[in-house]
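Below is one structure, written out as structure tokens; the observations come after it.
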Amino acid sequence: MSGAPRRTPRSFREATARRRLEGVLDPGSFREILGPAHRVTSPHLAALDLPVSFDDGAVVGQGLLGASPVLAAAEEGGFMGGAVGEVHGAKLTGLLRLAERERPAGVLLLLDSGGVRLQEANAGLVAVSEVMRAVLSARAAGVPVVALVGGGWGCFGGMGIVARSCDAVAMSEEGRLGVTGPDVLEATKGVEELDASDRALVWRTYGGKHRYLLGEADLLVADDLGAFRAAALSLLSARREPGLEELEREHRHLSRRLEDLGGFSEATEVWRAAGVREPARLPGLEPEAFLRSVSAARRGDR
Amino acid sequence: MTRSWDEGRRRRAARLARAAAVCPERWVDPARATALLEALLEPGDRVCLEGDNQKQADFLAGALVRVDPGRVHDLHLVLSVLALPEHVELFERGIARRVDFSFSGPQAVRLARLASAGKIEIGAIHTYLELYARYFVDLTPQVALVAALAADPEGNLYTGPNTEDTPAIVEATAFRDGVVVAQVNERVERLPRVDIPAGWVDFVVRSPVPSAIEPLFTRDPAQVSEVQVLMAMMVVRGIYAEYGVDRLNHGIGFDTAAVELILPTYAEDLGLRGKICGHWALNPHPTLIPAIESGFVRSIHAFGSELGMEAYVAARPDVFFTGRDGSLRSNRAFSQTAGHYACDLFIGSSLQVDLEGNSSTATRSRIAGFGGAPNMGADARGRRHASPAWLKAGREARADPHAVPRGRKLVVQLLETFREHMEPAFVERLDAWELAQAMGMELPPVMVYGDDVSHIVTEEGIANLLLCRTAEEREEAIRGVAGYTPVGRGRSAAAVENLRDRGIVRRPEDLGIDKRLATRDLLAARSVRDLVRWSGGLYDPPRRFRSW
Amino acid sequence: MERLSFEFACPGEPAPPAAPVVVGVVASGNLEVLVEGGGPPGRCRLVVETSARGFGEIWEAVLRDFSGRHPLSGLSVSVNDAGATPAVVSLRLDQAVEEYLRRP
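Protein chains in written order, with this note's numbering: chain G, 1 to 302; chain S, 1001 to 1548; chain X, 2001 to 2104.
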């Protein structure tokens, strides 16, 4: 008899944005800034007669991580797919500018977003670009910025770019990271290019395991609040120097990767080429078993 | 003048003689399937085209659709489930004229249109066991077109995990001089086991495209809502624990899946393992895996199988009915019988409930039918053996203390007060009346009758109809759990409070339920992946349920 | 969107001054409930913004019953609703108040 429960008791994916922050940061340390009681809601959605959310789908604030002061934000994927509107984006940007001034030990971005909120049109586009600039600015000022990606909505579009503009990314296998999302890809390029209804294919392409193998994600963790907390702690202490040397190194790495892997059209082909013996088994493995299987094959540049 | 007593045999011989000219062997070339059917069938024949709840003789359905309507027409189709577009096409083309069935699912709308247009005569809509019963009385098929997984050279059939309706169909047909044609996915030298002996089968054809089973009984735990968890807690605490329900059937749905998923957590914490939910008449629901692994479940007899559960079932022979070959043997007729006589409780959902407790899934534009619910959701008045749950329910229902005591089956309707788009589930008058009028039916199609219902469970609480002594009390009890629907808002607050004092209406707090526990954290598994983990990797979910 | 406002007499205990609480998410079939103290004493104020128009009577009944379950004077409840059924609404309201009362 198998006895003990098999469910993940503190699933990151199942948790709301606030609960994720409470689970990742030191218990009781989170203080929200511009919380729902301030009612800073989206004027654009109101003008379109659409429902608004009191926090516009973004929870930002300060707290402690391993007793060090950090700033943190979490997106609420359930509200408009986590898509970034003017207010949502401004909260993230404001948080990052605060980080530049206050120099906390780091900034944690718990991203769960489809990208730009199209209903807000240019305001949404501008909002996301400002977040990108603010991330780079905070990093240039010496503040590490770490992305945690493990929500059900994935991290796509401009927010996918934001994630990769950070010092590091931690993902669970349930998380997805990309720019063009699977539905848009199928709609514009056809089902032969990507069948968005083939969930296994979507996760092989955008999911945490593949991103980790490609070196896009620095850590692959279990779908657990504690595991993401541990990842944040470890990544904050491993920040990168975002200077010209680092940029050139990254470009060389990416060119090599494109040369070696650019001809493949399926993730399993990439994994096989990387030296994984049984690539078809990887998606079914639990995190620890997966990490053991791929330790030699991972294409990290660090 | 002497009467001949073997007319049936002579007609069978004539059919086989015509068929021999087209197909001299028992194994039929697929390209000759239509020609075979044209030879075998006569206008007006009663034909059972195996359409089970899951398994479909789809190749033979396609072959039948291509017969010349000039030669084969006005057939009387008898089948459990009218699921394929080909089934409807038979009527559009005049090949078939009349139908007796149980459930129509995907073809419900087309069926209604055909009926309105006068292209189809509906004999009756049955519950499964009732239809099988008539195969042995007045609806015996002259020709049965069935589906099996494999056959050997002699023509023995292996129906395997999805045996389902086949034994009932073939026994009735073969032993009344009928002709049995089977489609199989493959021909093998030696079968894992013999489910249908060759002596009962006349022709076998290998279908070029294997017949596929839809995963009808898989529910993704990720879709179970908090409200469903709350209702599941009420069911476990207010009914299963209260009556000691150890033998039961769950109608399929997310709400019953929620009950299955809180057994290893909520029910375990209440100390109920070993006391409830031991014996089941149920398909292999993936959502029951945690309860099986946790030691709640002692036995399951299945109506059919479920895609992806084959290896798990084979690895749990102490729980499931499996053959010497190791694979599941299902049997819908026996499982339905078990659900009727050997279970103490049925619980299922519905679309509409009226003020008497009658429940129906009928709507004006769809003829969907009943499936197995009327059989399960009915008091088994022929039952004689006692169990604590049955006796307790019987005592509660006993209006006249001087009458002969009887037991009573627990029949529970589980539903939220509002459906999607704020459509009330509780109504003054069922849509079934309108459907009956539009389609010229003799009776409104009621799935579970109010006087069979023992409890109604909504997010608001449990109404115990057994304890009601008058029609007014029953109506007020139903209003008392009908929430904010017009029916619920029409309640008399004083009357409901009185019913609450008498335990006829119980709210979650009356049951000692802490609503703060009603979250998805209470589910033993919250994703399909969790179910796979619980099964030790044996459960192999179909593609549409996996992201890996 | 439809905006509904209600005010009920709440002669009960004053709502303790605690940090505002929000539960729920504005997703289809769901709602967000913000509970704050500091409203006028003896009253309970509830404001609803909902995408499902025409259910004012049901909202009134649901909110009146909620107010009866938690008669906290000075309580202020604000809702952004995206078509939740009364079952979900009542659950969220109760969850929000429970959490509000648990806060320091």
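All C-beta atoms, glycine included, are put in the ideal place defined by N, C-alpha and C.
Give me the Cα-Cα distance between residue i and residue j, rounded to the nearest whole angstrom.
i: Ser2067 of chain X; j: Leu2004 of chain X; result: 15 Å
i: Pro1508 of chain S; j: Phe54 of chain G; result: 31 Å
i: Ser2 of chain G; j: Asp1325 of chain S; result: Its pLDDT being 41, under 50, Ser2 of chain G is placed unreliably in this model, and the coordinates cannot settle the point.
i: Pro1024 of chain S; j: Val1065 of chain S; result: 23 Å
i: Ala267 of chain G; j: Glu259 of chain G; result: 15 Å
i: Phe12 of chain G; j: His1076 of chain S; result: 57 Å
i: Ala1198 of chain S; j: Ala1174 of chain S; result: 11 Å
i: Gly28 of chain G; j: Gly77 of chain G; result: 23 Å
i: Ala1258 of chain S; j: Asn122 of chain G; result: 44 Å
i: Asp1029 of chain S; j: Glu1260 of chain S; result: 46 Å
i: Ala4 of chain G; j: Ser1294 of chain S; result: Any reading at Ala4 of chain G must be qualified, since the residue scores a pLDDT of 47, below 50, and its modelled position is unreliable; the value itself is stated next. Each residue's alpha carbon lies about 8 Å from the other.
i: Leu1111 of chain S; j: Ser1104 of chain S; result: 8 Å
i: Phe1426 of chain S; j: Val1457 of chain S; result: 12 Å
i: Ser1350 of chain S; j: Val1448 of chain S; result: 9 Å
i: Val1081 of chain S; j: Val1180 of chain S; result: 19 Å
i: Ala289 of chain G; j: Leu1060 of chain S; result: 47 Å
i: Pro1388 of chain S; j: Ile2058 of chain X; result: 42 Å
i: Ala1315 of chain S; j: Ala1168 of chain S; result: 28 Å
i: Ala140 of chain G; j: Ala170 of chain G; result: 21 Å
i: Ser1327 of chain S; j: Ser2028 of chain X; result: 43 Å
i: Gln1183 of chain S; j: Ala1147 of chain S; result: 5 Å
i: Leu247 of chain G; j: Val135 of chain G; result: 15 Å
i: Gly1585 of chain S; j: Leu1288 of chain S; result: A query on residue 1585 of chain S cannot be resolved here, the shown segment of chain S reaching from 1001 to 1548 and no further.
i: Ser1492 of chain S; j: Gly2056 of chain X; result: 21 Å
i: Arg302 of chain G; j: Gln119 of chain G; result: With a pLDDT of only 48 at Arg302 of chain G, under the threshold of 50, the placement of this residue in the model should not be trusted; the figure read from the coordinates follows. Cα to Cα, the separation comes out at about 39 Å.
i: Arg1010 of chain S; j: Arg1134 of chain S; result: 23 Å
i: His1279 of chain S; j: Cys1343 of chain S; result: 8 Å
i: Val179 of chain G; j: Arg229 of chain G; result: 25 Å
Who are residue i's beta bridge partners in DSSP?
i: Asp1100 of chain S; result: S:Val1078, S:Ala1124
i: Thr2085 of chain X; result: According to DSSP, Thr2085 of chain X bridges with nothing at all.
i: Trp1280 of chain S; result: S:Leu1248, S:Ile1300
i: Met132 of chain G; result: For Met132 of chain G, which the question treats as bridged, DSSP gives no partner whatsoever.
i: Asn2080 of chain X; result: X:Glu2032, X:Glu2049
i: Trp1027 of chain S; result: S:Val1204
i: Arg31 of chain G; result: G:Gln62
i: Ser2112 of chain X; result: Outside the shown range of chain X (2001 to 2104) lies residue 2112 of chain X, about which nothing can therefore be said.
i: Leu1049 of chain S; result: S:Leu1145
How about residue i and residue j: are their beta carbons less than 8 Å apart?
i: Val2062 of chain X; j: Ser2090 of chain X; result: yes
i: Val143 of chain G; j: Ala99 of chain G; result: yes
i: Arg2092 of chain X; j: Val2021 of chain X; result: no
i: Arg1273 of chain S; j: Phe1254 of chain S; result: no
i: Val59 of chain G; j: Ala37 of chain G; result: no
i: Arg1520 of chain S; j: Val1224 of chain S; result: yes
i: Leu1073 of chain S; j: Asp1100 of chain S; result: According to the sequence shown, residue 1073 of chain S is His rather than Leu. Taking 8 Å as the Cβ cut-off, His1073 of chain S and Asp1100 of chain S do not qualify as a contacting pair.
i: Leu1307 of chain S; j: Pro1542 of chain S; result: yes
i: Gly115 of chain G; j: Val87 of chain G; result: no
i: Arg1018 of chain S; j: Val1204 of chain S; result: no
i: Tyr212 of chain G; j: Pro182 of chain G; result: no
i: Asp1354 of chain S; j: Glu1476 of chain S; result: no
i: Arg1046 of chain S; j: Leu1139 of chain S; result: yes
i: Pro1153 of chain S; j: Trp1534 of chain S; result: no
Using a Cβ-based criterion (distance less than 7 Å to any ligand heavy atom), does residue i qualify as near the ligand NAD?
i: Pro287 of chain G; result: Only the bare structure without any ligand can be found here, which leaves the ligand NAD out of the picture.
With contact counted as at least three CB pairs below 8 Å, one residue from each stretch, are the segment 1155-1173 of chain S and the segment 290-298 of chain G in contact?
no
Does the segment 2073-2080 of chain X come within contact of the segment 2027-2038 of chain X, defined as at least 3 CB pairs closer than 8 Å?
yes
Within the segment 188-276 of chain G, ranges of the beta strand (DSSP E) (whole runs, at least 3 residues):
219-221
Residue ranges of each beta strand (DSSP E) run of no fewer than 3 residues wholly in the segment 1456-1525 of chain S, ordered along the chain?
1461-1464
For the 8 Å Cβ check, are there 3 or more pairs between the segment 100-109 of chain G and the segment 144-154 of chain G?
yes
With a threshold of 8 Å, are at least 3 pairs of Cβ atoms found where one atom belongs to the segment 1381-1389 of chain S and the other to the segment 2012-2021 of chain X?
no
Runs of beta strand (DSSP E) wholly within the segment 1106-1160 of chain S (minimum 3 residues, chain order):
1121-1125, 1143-1151
Is the segment 1406-1418 of chain S touching the segment 1456-1476 of chain S, taking contact as three or more C-beta pairs under 8 Å?
yes
Please give me, in chain order, every unbroken run of the alpha helix (DSSP H) with length at least 4 that falls completely inside the segment 1179-1239 of chain S.
1226-1235
Let me know the alpha helix (DSSP H) ranges lying completely inside the segment 85-151 of chain G, each 4 residues or longer, listed in chain order.
86-102, 121-140
Segment contact flag, the segment 1221-1237 of chain S with the segment 1533-1547 of chain S, C-beta cutoff 8 Å, min 3 pairs
no
When you compare the segment 1435-1448 of chain S with the segment 1355-1365 of chain S, are there three or more beta-carbon pairs, one atom per stretch, that lie closer than 8 Å?
yes
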